[in-house]
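Protein chains in written order, with my numbering: chain E, 1 to 293; chain R, 1 to 466; chain F, 1 to 282.
Shown next as structure tokens:
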């Protein structure tokens, strides 16, 4: 049992020290600092002295007419994005887990959106949805789904759907990969037994596949909610939160408040609200993962 | 093991690319450097005549510009480098992109990382002034020649303490740019009132291919600029031009009429997607793709046409946006100026002073204005004749006269600076409330009154902290 | 009879699968392909209505224009520098940490594990303001230090998490044998265990490289100067500036995306292995 000596343990800790220091300094401390900022009038401008303002940032936020709308935008954006990417991810995982030629190549291709920079996706989508020379706009205008010289990005209802679809495009590969691994691990015998019993494919899916994927799905949903609700880049670059604030989610609002209007304190307060909402998800996720330890 | 080797090769490739990139980098970087000696050989050397009480050798100047067009940056950079050589100082030029300038300036001011000199628009000047980092330039303007700049321009750059904080460089003015050929084809006259203007826009509007007049309302600055030109023509402002107090809250009825008119124009003659149009979109539409017949602009459409669709250049003309009933009260003017930052040492202050003065020869001022893809003209009057005779603007003498007249002989304002430098201007540049409210008024989310209320609440809250 | 109906069923299923896959591949491929095609279209073809699928002539003018000044090259080098530094630090620190978590037992190990998981869940938008304020106070917004730190807050927890399964696979007995033979812990790590996971470490590093290369939010706020911008931030400015050159934008989008796709293709099997081993990551 010499390997569990005190010295051995100490060396183990030493291996982790760099990461520990980094996380304390640049994750834990900033999070604490953010809490502090949310109770101050901190601004971008150095001229104004920072002082405590109590709950003023929070009361101002909740009394802002537009906040409620932006909050619901966030819910809508998160719900549909997560639902869409889970369904698409599951569907594609089932397709690629069937035995066929070139399965690996197809899987590799379908994983590409995972690494495509959001900026690329944003630029292309603005180009194909341009009201006057975008190819998708042109097709939709020809089909009569869109008025002449109009773009879905300039319409307050459809704009949200566009960013949701774009977000599904870039985020389905992750659930797909996880589902693909989970499907592989389901015991083949279960299906064979079911086939012998005369159950259809659909029944097998309903009574074997889905229950086996339940745990995976729960964890995936939690994680994707956190990432989606707090995701900023895509909306900012595609619509900037418009038109008429219809795609403004809380992350966009945090940015606008902090760096547009320069009110860092108020921005920190919004990010606190978002953080508290996400905390529940994070705790569930961690507990779930630690169970396997 | 093979996999590992493959991976290592990949990593090596990345670094290889890195190395190639680095060796490739200096090539384009050297190109402008090699070009520099030629223009440096220009005959005039104004700085040499200045009596210099200080020895500037070994000093370094950090200069920022907030331009995105390469042509403008190159001319500025050339002039700065040239002057740096003459004065024996090292010059470091940085550029900030326009759309994030306000934020970057605030950051710079709070971390103490401000430049010595900056070539900046009015909003940026207001931001730096609010951060109390600028030095007054009254003395510099007097040395260059106080009468060589227009009073209106100096007023915009005057602080609450009565000092001037920026040296006017080039001036821009919002006009309606239009297709002369289409006006002729349809037998249209230059509109003189708001209702005539709308009728003209509708007459030019032929369904899908040609829109009469776009109402661009992108949330970043553009919506505010579109609204402000209409407000000015009716004599409505954010701050009182006489006292500098917030007065937009007292002009509710008139402001709602302006918003009504804006919505009316949008609905009757603007492409539907213009709710999210920014500068690039409407300029392209008028000057490149030819899909709108008129647009408000500060003249950059000409540069766009010259660059991308030269045939269009001769078809474009401009007129002043009309007043409600023909009497236009004021217009929306703009410009860029030079500012210097406060220094601790007299030597540094003298260096900045001398450097700024040396930038104001008629040739240099004209060259700078001409580097802008049209129509900025030098606000330094002695440069104006050189500017007018330049080949680049030769075909546009009428347009230049129209703009010059509007700028020098009529009233113009820059939003939030109706009574001189004010942080309100920087706030208007940075807030997105104009986009939300006006897009909402056009797409039916808000009534004009609700849109007004949204804007007013946002600005009033800011005014209370000023 | 029965076998033929089964085989027909199988064939029908295969056809349905093929059709669905073609749709999926088109959905994924179309935007990227359209971007690449647009980047080779000369100006006249770019704005024709109706848009043509293939250009009438292929042109490199947008690439030439994009690289006419050294601006884009500088963005490229900035991104390369930042992502490389992030990759190296992640590989070093991440490996040590993952090793410590898998191979050692000590008080607080579990807390550290939770800390890393929690950090992994803390999104950039939460860290944005405090990191910005800290970096601005320290005067680091004029350098790349702030962005590198920002990217590490995202990639380091991810790297540790991705590396853990690679170490878990290693049999413990080798370590213990080596320790009994008198090797130090460091020697066991460096000579025995590390060589066995090196492919996992490199692929993790490359994933960190890709994440850093793609990052936008922190890069846009934590760098103050035009000359120091990363490629993603630099390109995004092309679209919001006062004129829009769609051709250049498409060319820049293409050259930003190609390196990450190639890198990803190179490490994908290790990435898939690391991601799908045990717990769900992200």
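Using N, Cα and C, we set each Cβ at its ideal position, and we do this for glycine too.
Small disclaimer: the values here were computed from a predicted structure and weren't measured.
Neighbourhood of residue 128 (chain F) by C-beta, 7 angstroms cutoff - its chain only, sequence neighbours within 5 removed
Within the same chain, and ignoring the five residues on either side of residue 128 (chain F) in sequence, the residues whose Cβ sits closer than 7 angstroms to its Cβ are 217, 218 and 221.
Threshold first: 4 residues or longer. Then list the alpha helix (DSSP H) segments lying entirely within the segment 258-292 of chain E, N to C.
Those alpha helix (DSSP H) runs which fall completely within the segment 258-292 of chain E and span 4+ residues are 264-291.
How is residue 41 (chain R) classed by DSSP in three states: helix, strand or coil?
Low confidence applies to residue 41 (chain R): its pLDDT is 39, below 50, so where it sits in the model is not reliable, and the reading given next is rough at best. Look at residue 41 (chain R) here: in three-state DSSP terms it is coil, with no helix or strand label.
Should residue 12 (chain R) be flagged as near chain F, meaning a C-beta pair shorter than 7 angstroms?
In this prediction, residue 12 (chain R) scores a pLDDT of 43, lower than 50, which makes its location untrustworthy; the coordinate-derived value is nonetheless stated afterwards. It does not; no Cβ of chain F falls within 7 angstroms.
In chain F, which residues lie less than 8 angstroms from residue 179 (chain R) when you measure between Cβ atoms?
Ordered by position in chain F, no residue passes the 8 angstroms Cβ test against residue 179 (chain R), which lies about 17 angstroms from the chain.
Residues in the segment 89-116 of chain R having any Cβ partner in chain F nearer than 9 angstroms
Going along the segment 89-116 of chain R in chain order, one finds 94, 95, 96, 97, 98, 99, 100, 103, 104, 107, 108, 110, 111, 112 and 113 with a Cβ nearer than 9 angstroms to chain F.
Put residue 413 (chain R) into one of helix, strand or coil per three-state DSSP.
Strand.
So, with DSSP's three-state summary, where would you put residue 173 (chain E)?
It is helical.
Which residues in the same chain have their Cβ closer than 7 angstroms to the Cβ of residue 60 (chain R), if we skip the five residues on either side of it in sequence?
If we look at residue 60 (chain R) and ignore the five residues flanking it on each side, its Cβ neighbours are 89, 90 and 92.
Runs of 4 residues minimum, wholly inside the segment 194-228 of chain R: which ones carry the alpha helix (DSSP H) assignment?
Taking 4 residues as the shortest admissible run, the segment 194-228 of chain R contains the following complete alpha helix (DSSP H) segments, listed from N- to C-terminal end: 194-204.
Can you grab the Cα-Cα spacing for the pair residue 331 (chain R) / residue 325 (chain R), in whole Å?
When the Cα atoms are used, residue 331 (chain R) and residue 325 (chain R) turn out to be separated by approximately 15 angstroms.
Which residue from E:21, E:7, E:182 and E:159 puts its Cα closest to that of residue 215 (chain E)?
It is E:182.
Per DSSP, what kind of secondary structure is residue 232 (chain R) in: helix, strand or coil?
Residue 232 (chain R): helix per DSSP, three-state reduction.
Does the segment 150-162 of chain F touch the segment 90-98 of chain F, meaning 3 or more C-beta pairs lie closer than 8 angstroms?
Contact holds: three or more Cβ-Cβ distances are below 8 angstroms.
Using DSSP's beta-bridge definition, name the partner residues of residue 251 (chain E).
Residue 251 (chain E) pairs with nothing; no bridge assigned.
Going by beta carbon distance, what residues of the same chain come within less than 7 angstroms of residue 269 (chain F), once the five residues before and after it are set aside?
Cβ within range, chain order: n/a, list empty.
Where DSSP assigns a beta bridge to residue 170 (chain R), which residues make up the other side?
Looking at the DSSP output, residue 170 (chain R) sits in a beta bridge with R:336 and R:378.
Based on the DSSP output, what are the partners of residue 86 (chain E) in its beta bridges?
Residue 86 (chain E) pairs with nothing; no bridge assigned.
Name, going along the chain, the residues of the segment 204-228 of chain R whose beta-carbon falls closer than 9 angstroms to a beta-carbon of chain E.
Of all residues in the segment 204-228 of chain R, 207, 208, 209, 211, 217, 218, 219 and 220 have a Cβ within less than 9 angstroms of some Cβ in chain E.
So is residue 140 (chain F) in contact with chain E if we call contact Cβ pairs under 7 angstroms?
No, residue 140 (chain F) lies away from the interface with chain E (no Cβ there is under 7 angstroms from its Cβ).
According to DSSP, is residue 97 (chain F) part of a helix, a strand, or is it coil?
Helix at residue 97 (chain F).
Chain F beta carbons: is any one of them nearer than 7 angstroms to that of residue 70 (chain R)?
For residue 70 (chain R), the answer is yes, since a Cβ of chain F falls inside 7 angstroms of its Cβ.
Is residue 147 (chain E) close to chain R, meaning its C-beta is less than 7 angstroms from at least one C-beta of that chain?
True, the Cβ-Cβ gap to chain R drops below 7 angstroms.
Starting from residue 179 (chain F) and walking both ways along the alpha helix (DSSP H), at which residues does that stretch end?
Start and end: 172-180.
Beta-carbon of residue 451 (chain R) versus every beta-carbon of chain E: anything under 7 angstroms?
In terms of beta-carbon proximity, residue 451 (chain R) stays away from the interface with chain E, with every pair separated by 7 angstroms or more.
So which residues of chain F does residue 204 (chain E) contact, with C-beta pairs closer than 8 angstroms?
Near residue 204 (chain E) there are no residues of chain F at all, since even the closest Cβ is about 13 angstroms away, more than 8 angstroms.
is_contact[residue 467 (chain R), chain F] using C-beta, thresh 7 angstroms:
Residue 467 (chain R) lies beyond the stretch modelled for chain R, which goes from 1 to 466, so this question has no answer here.
Please report the straight-line C-alpha distance between residue 165 (chain F) and residue 184 (chain E), rounded to a whole angstrom.
Taking the straight line from one Cα to the other gives about 18 angstroms.
Mind listing the chain E neighbours of residue 370 (chain R)? Cutoff is C-beta to C-beta under 8 angstroms, in chain order.
By Cβ distance, chain E contributes nothing, its closest Cβ being about 31 angstroms from residue 370 (chain R), past 8 angstroms.
Going by DSSP, which residues form a beta bridge with residue 119 (chain R)?
Answer by DSSP bridge pairing, in chain order: R:65 and R:338.
List, in chain order, every chain R residue whose beta-carbon is nearer than 8 angstroms to that of residue 78 (chain F).
The contact set of residue 78 (chain F) on chain R, defined by CB atoms closer than 8 angstroms, is empty, because the minimum CB distance reaches about 11 angstroms.
Give the residues from the segment 144-176 of chain E that approach chain R closer than 7 angstroms (Cβ to any Cβ), ordered along the chain.
Sequence-ordered contacts of the segment 144-176 of chain E with chain R read 147, 148, 149, 150, 151, 153, 154 and 156 [C-beta pairs closer than 7 angstroms].
Integer Cβ distance of residue 62 (chain F) from residue 39 (chain F), believed to fall under 8 angstroms
Taking a contact as a CB-CB distance under 8 angstroms, the pair residue 62 (chain F) and residue 39 (chain F) counts as one, their CB atoms being some 6 angstroms apart.
Near residue 350 (chain R), which residues of its chain fall below 6 angstroms by C-beta distance, leaving aside the five closest residues on each side in sequence?
Counting only Cβ-Cβ distances below 6 angstroms, and skipping sequence neighbours, we find 54.
Taking a contact to mean a Cβ-Cβ separation below 7 angstroms, would you say residue 95 (chain E) touches residue 17 (chain F) in this structure?
Yes, these two residues count as a Cβ contact at 7 angstroms.
Could you tell me which chain F residues have their CB closer than 8 angstroms to the CB of residue 308 (chain R), listed as they occur along the chain?
Neighbours of residue 308 (chain R) on chain F, chain order: 43.
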